[in-house]
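For the sequence shown, counting from 1, position 267 maps to 267 in UniProt numbering; every step adds exactly one.
The beta carbon of each residue, even a glycine, is placed where N, CA and C say it ideally should be.
Fair warning: this is a prediction, and the values are worked out from it, not measured in the lab.
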Amino acid sequence: MLTSVLDQFSKWFLHHQSFAAYIEPLIQVVKPAWRAGFFRAQIIDVHALSGQFLSVTLKPNKQWRAHIAGQHISLTLELNGRLLTRVFTLACSPAQYKATGLLRVLIKTNDQGRFTAQLQSTLKAPSWCNISAPSGDFVFKSWHKASTFVAGGSGITPMLAMLSQQLANTQHTIKLLYFAKANEHQCVEELAALAERYAHFSYLLLTRDMSPQLTTHINIDDNPDIYCCGPAAFMQKIAHFANQHHLTYYQEAFSLALPSLNDDSQFTVKINNDHHDVAANEVLLTQFEAKKLPVQRGCGIGICHQCQCIKKTGVVRNLKTGELSDNGEQLIQLCVSQAVSDLELQL
């Protein structure tokens, strides 16, 4: 009751959404990186791996609940005075977290990126950052039959977590097909140790040159469930193969696949009595950023909800689900929404 009263007071008189948000700067004096609605995590270790990967070890505060192997978190850092959020899959099992109190993420850096390009210079032990609660439904479900994991590049991260957790819980065959550039396969020693410990697990380290068809090493005679994580085009090929052979298929995407649209239609978006033209074949977030409108970019793939806003009227297409909204008021995510009609938005 008291919290709701304070929050309403903050909205009316302090211009903050909550009282906790208003007093953040005071609390941060004694608790670095404390923010309302976030979990704090201390950076324990950061070291470089091959292929522009970083291994980051975090120690979350005690309020953070354990994840399910395969789930991801949002990592929030203050960079150049701005809070930036990106989504990363945890590369550790719940059992490992419970034993050590530590989380691990593997991050592929991009020299041109706004976020990952700065990580090696910004992430320093023992500084602090913010993380979200774990989320995601790309989790192991095949205890009673064979399964094949297919990973492309940084798509290995959820596989590492699931293998570490689930190999002890099933006796059915699990096979990992791990595609990466030559000499850029990560955590090979861990995979070798798992294969030595569990006779029902095997793995292949592959490159596109070695196996250009991608599906050559999937044994359909085993009727395995397929778990896939990697770039969008990579997963499309694996999904098509699984569908052809009537195999159960699960995937986790770390990039958003935009549809190939030839529609050059233009629509008008009304925002606070201003009108802006937008194209039908591009997501709203990138167009608003180009127009320098006050939007918040988070993960960019529809997971973290940082770019969420209120649609007052009009219809949008959700690129994650393919669904069309109704014409009434609802929350939408700008990074996965395309205009299908004229819109009115509240940012």
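Relative to the C-alpha of residue i, which residue among the options is closest?
{"i": "residue 246", "options": "311, 232, 224", "result": "224"}
{"i": "residue 153", "options": "275, 299, 233", "result": "233"}
{"i": "residue 135", "options": "71, 104, 314", "result": "71"}
{"i": "residue 216", "options": "148, 187, 173", "result": "148"}
{"i": "residue 171", "options": "66, 182, 323, 202", "result": "202"}
{"i": "residue 199", "options": "167, 46, 299, 326", "result": "167"}
{"i": "residue 137", "options": "273, 131, 122, 158", "result": "158"}
{"i": "residue 141", "options": "300, 163, 218", "result": "163"}
{"i": "residue 133", "options": "66, 83, 219, 197", "result": "66"}
{"i": "residue 169", "options": "300, 144, 179, 242", "result": "144"}
{"i": "residue 349", "options": "242, 176, 181", "result": "An answer regarding residue 349 cannot be provided, because it is not within the stretch 1 to 347 covered by the chain."}
{"i": "residue 304", "options": "131, 35, 80", "result": "131"}
Apart from the five residues on each side of it in sequence, which residues of its chain come closer than 6 Å, Cβ to Cβ, to residue i?
{"i": "residue 228", "result": "150, 235, 238, 251"}
{"i": "residue 278", "result": "267, 269, 287, 339"}
{"i": "residue 265", "result": "280"}
{"i": "residue 248", "result": "225"}
{"i": "residue 358", "result": "The chain is shown from 1 up to 347; residue 358 falls before or after that span and cannot be answered."}
{"i": "residue 342", "result": "267, 268, 314"}
{"i": "residue 299", "result": "86, 87"}
So residue i is in the beta strand (DSSP E); what residue range does that whole segment cover?
{"i": "residue 55", "result": "53-60"}
{"i": "residue 178", "result": "174-179"}
{"i": "residue 78", "result": "72-79"}
{"i": "residue 275", "result": "274-279"}
{"i": "residue 271", "result": "266-271"}
{"i": "residue 283", "result": "Unbroken run through residue 283: none, as it is neither H nor E."}
{"i": "residue 98", "result": "No beta strand (DSSP E) contains residue 98, which is instead part of the alpha helix (DSSP H) from 94-100."}
{"i": "residue 308", "result": "308-313"}
{"i": "residue 338", "result": "337-339"}
{"i": "residue 219", "result": "Careful: residue 219 lies outside any beta strand (DSSP E) and carries neither H nor E."}
{"i": "residue 47", "result": "39-48"}
{"i": "residue 182", "result": "Here residue 182 belongs to no beta strand (DSSP E), and DSSP marks it neither H nor E."}
{"i": "residue 346", "result": "343-346"}
{"i": "residue 152", "result": "147-152"}
{"i": "residue 85", "result": "82-89"}
{"i": "residue 108", "result": "103-108"}
{"i": "residue 316", "result": "316-318"}
{"i": "residue 115", "result": "Note, residue 115: premise wrong, no beta strand (DSSP E); not H, not E."}
{"i": "residue 205", "result": "201-206"}
Looking at residue j and residue i, is the spacing between their C-beta atoms short of 8 Å?
{"i": "residue 222", "j": "residue 99", "result": "no"}
{"i": "residue 336", "j": "residue 295", "result": "no"}
{"i": "residue 160", "j": "residue 189", "result": "no"}
{"i": "residue 86", "j": "residue 75", "result": "yes"}
{"i": "residue 292", "j": "residue 276", "result": "no"}
{"i": "residue 73", "j": "residue 94", "result": "no"}
{"i": "residue 373", "j": "residue 155", "result": "Lying outside 1 to 347, the shown extent of the chain, residue 373 is not represented and no answer is given."}
{"i": "residue 48", "j": "residue 118", "result": "no"}
{"i": "residue 297", "j": "residue 308", "result": "no"}
{"i": "residue 53", "j": "residue 186", "result": "yes"}
{"i": "residue 123", "j": "residue 44", "result": "no"}
{"i": "residue 104", "j": "residue 56", "result": "yes"}
{"i": "residue 83", "j": "residue 115", "result": "no"}
Could you pull out every residue in the same chain whose Cβ sits closer than 7 Å to the Cβ of residue i, ignoring the five residues on either side in sequence?
{"i": "residue 302", "result": "256, 320, 333, 335, 336"}
{"i": "residue 240", "result": "none"}
{"i": "residue 324", "result": "315, 317, 340"}
{"i": "residue 50", "result": "183, 184"}
{"i": "residue 165", "result": "69, 93, 94, 95"}
{"i": "residue 196", "result": "none"}
{"i": "residue 77", "result": "84, 122, 129"}
{"i": "residue 181", "result": "51, 207"}
{"i": "residue 258", "result": "Low local confidence applies: a pLDDT of 49 at residue 258 is under 50, so the model's placement there is unreliable, and no value is given."}
{"i": "residue 242", "result": "226, 249"}
Starting from the C-beta of residue i, find all residues in its chain whose C-beta is less than 8 Å away, skip the five residues before and the five after it, and write them out in chain order.
{"i": "residue 271", "result": "293, 344, 345, 346, 347"}
{"i": "residue 139", "result": "68, 69, 70, 71, 162"}
{"i": "residue 220", "result": "245, 247"}
{"i": "residue 289", "result": "295, 297"}
{"i": "residue 260", "result": "Low confidence applies here, because residue 260 scores a pLDDT of 49, under 50, leaving its location unreliable and the question unanswered by this model."}
For the alpha helix (DSSP H) that residue i lies in, which residues bound it at each end?
{"i": "residue 135", "result": "Residue 135 -> no alpha helix (DSSP H), and no H or E assigned at all."}
{"i": "residue 243", "result": "232-244"}
{"i": "residue 325", "result": "From DSSP, residue 325 is part of no alpha helix (DSSP H); its letter is neither H nor E."}
{"i": "residue 161", "result": "156-166"}
{"i": "residue 194", "result": "188-197"}
{"i": "residue 122", "result": "119-122"}
Query raised in the report: Do three or more CB pairs link the region 56-71 to the region 37-47 at distances below 8 Å?
Result: yes
Query raised in the report: Are at least three pairs of beta-carbons, each pair with one atom in the region 325-332 and one in the region 100-117, less than 8 Å apart?
Result: no
Query raised in the report: Is the region 119-127 in contact with the region 204-217, if contact means three or more CB pairs nearer than 8 Å?
Result: no
Report task. Could you tell me whether the region 89-98 touches the region 297-312, using the rule of 3 or more Cβ pairs below 8 Å? Result -> no
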